[in-house]
Every structure is written in structure tokens, then in C-alpha cells.
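Quick note: to get my numbering, add 166 to the position in the sequence shown (first position is 1).
Notes follow once the structure below has been shown.
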Amino acid sequence: AEASCSWEELDAIAVTSGPGLVGALLIGVNVAKALAYAKGLPLIAVNHLEAHLYANWIDEQQLDTNTPEFPLLGLIVSGGHTDMVLMADHGRIRRLGRTRDDAAGEAFDKVARLLGLGFPGGPEIERIAAGVEHSAVRLPRAWLGGSDDVSFSGLKTAVLHLVRGEKGPPPPIEQTAAAFQDAVVDVLATKAARAAEREGVRAILLSGGVAANGVLRRVLAERASVPLHVPPPILCTDNGVMVAACGFYRTRHAGWDLDVSPNLPVA
């Protein structure tokens, strides 16, 4: 009803089978199986991380399909995952890098807690850092020897030392928040832009909850030598539209027999 369509207008049912919490996945898959059986519709298993990429195939205004041109570099940054992938075509994805510890969104949440800010941490840190043009606080970046992987645990620890006053009086939280955000954005944008040039892609897809961060959007667009596709903020966090978009491109590979996979990788 909310989608203003009837069951007769549906061609298939797409459902997330992983990665994620096994309880939530089981509920979603079992409900989708029952509906598919009752309505006689094909059932399509969708990778949650891959679905985030497909939020970039949806137009903000009309929700018509867009067509980013392959090959593409995908940067998935959320509270649970941080992955960089090469997308050669629909269904052909190879992972280039991932986080070695905290996901980007998880790091935002933990640092926001250290600073006494609310949840979710990403919007709170972006809000409080907005008035800081150049932070006087200097925080480390983990470049990992040129790898496409990222690491944010050392950055988080550095913020903890500042907050505890282990290196002198704690700086204003606005300064610390801005420095932390700058460090995360610097690493993500630099590594994504470098990988895009190395792999010869035609565009970059930014997705996941952290993709709603305006500073990350701006800096990555400035540093990338190819076009940047970013979903509207409402489609950056988990949503059914991205699952449907991913399922649309997987209809020819649909099957009735599927199970959940809580640790399913993106590639």
C-alpha cells in the first residue's frame, strides 16, 4: 500500500540473505519465502553489501533506474562494514580492500561516545565539526603501506588519549570532532581515488550510511579523476529500495532454494 502498487504488479520478491544478524536474516528470508510461495513469485537472494551499491542506480526524484557505466569502483562505508570493490559488471565483483578493525561508521559512533555526543555518531560529529574550518588538532592516519585496506582503531585510540588529557588539556570537542572527521575522510578519499585511477574505472560508487556525510562526498568528488555517484541521504542507510534494485538485476539468477548467510562477503 505504501508503494502504491498491487501484488499483481510485482514480478519477483527480493530479500537480503546476508551479511547481518542471523536472527533478523532468518525472519526476513522466511517471510519472503512464504510470500513468494503464496503469490507464485520468483524469490531472489540479495547480498546486503552489494545492495548498498545499487542505491546508486536509483534516481532521487523519480526512482527511475540510472545506469552508471562499468567498470566501477565501489566504496561501501557503513556502521558494520567498510569495503572497497571493483565492479566489472552486474554480479561480477572483486574486493580490493576492507577494514582491518573498526568499520568507518563504527569508529564515528565510538568517537562520538568519547566526546559525549549522541547516537548515531556520524551526523553528530559532522554537525559539531561544521563550524571548524581548520582544526588545530592533529590526528594520525593509517596508510598501511599503500594497501587498499583501512584501519581506524589507532585513530580512535588517539582520540581517547586526547579526551583523557594524556597529552595536555583536552582540546574543545569541536576541534577534536573536526580532526577525527578529516582523518577518516582523508584516508577513504585518498585510497578510493588512487584505486580508481589504478584500476581504470569509469566512475566511483559511494554507498552505505557514512556516504551521507557531506565532507566525504565533497572531498572524494574533488580528488577523484572520474565521476562520483552518491545516493540521496535517505537511500544511504539500510532500505528496501536498494534491495529491490539489486534484485532487479539478479532476476535471471533467481531460485526458490536459499538460506541466510550472516557472514556473507561482498566478493
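Beta carbons are placed, not taken as given, at the ideal position from N, Cα and C, and that holds for glycine.
State the DSSP-derived secondary structure class of residue i, mapped to helix, strand or coil.
i, result
"V195", "helix"
"H395", "strand"
"V298", "coil"
"V376", "helix"
"V350", "helix"
"V303", "coil"
DSSP puts residue i in a beta bridge; with which residues?
i, result
"V251", "G240, R261"
"I291", "DSSP output for I291 lists no bridge partner at all."
"G334", "E332"
"I370", "L239, L394"
"V435", "For the chain, the structure presents residues 167 to 433; residue 435 sits outside this window and is missing."
So, using beta-carbon positions, are residue i and residue j closer together than 8 Å?
i, j, result
"Q347", "V381", "yes"
"R368", "L238", "yes"
"V392", "D249", "no"
The beta strand (DSSP E) spanning residue i covers which residue range?
i, result
"V212", "209-213"
"L386", "Unbroken run through L386 is the alpha helix (DSSP H), 380-389; no beta strand (DSSP E)."
"A180", "179-184"
Is residue i near the ligand HEM - that is, is its Cβ less than 7 Å away from at least one heavy atom of it?
i, result
"A269", "The ligand content of the structure shown is nil, which means the ligand HEM is not present either."
Provide the residue span of the alpha helix (DSSP H) that contains residue i, from first to last.
i, result
"G406", "406-414"
"R279", "270-280"
Quiz item: Would you say the region 249-261 touches the region 331-343, given that touching needs at least three Cβ pairs under 8 Å?
Solution: no
Practice problem: Determine, using beta-carbon pairs with one atom in the region 198-209 and one in the region 315-322, whether at least three such pairs fall under 8 Å. | Solution: no
Self-check item: the region 283-298 / the region 306-315 touching (three or more Cβ pairs under 8 Å)
Solution: no
Quiz item: Taking three-plus beta-carbon pairs below 8 Å as touching, is the region 397-410 in contact with the region 370-377?
Solution: yes
Quiz item: When the Cβ atoms of the region 209-220 are set against those of the region 277-295, are three or more pairs found closer than 8 Å?
Solution: no
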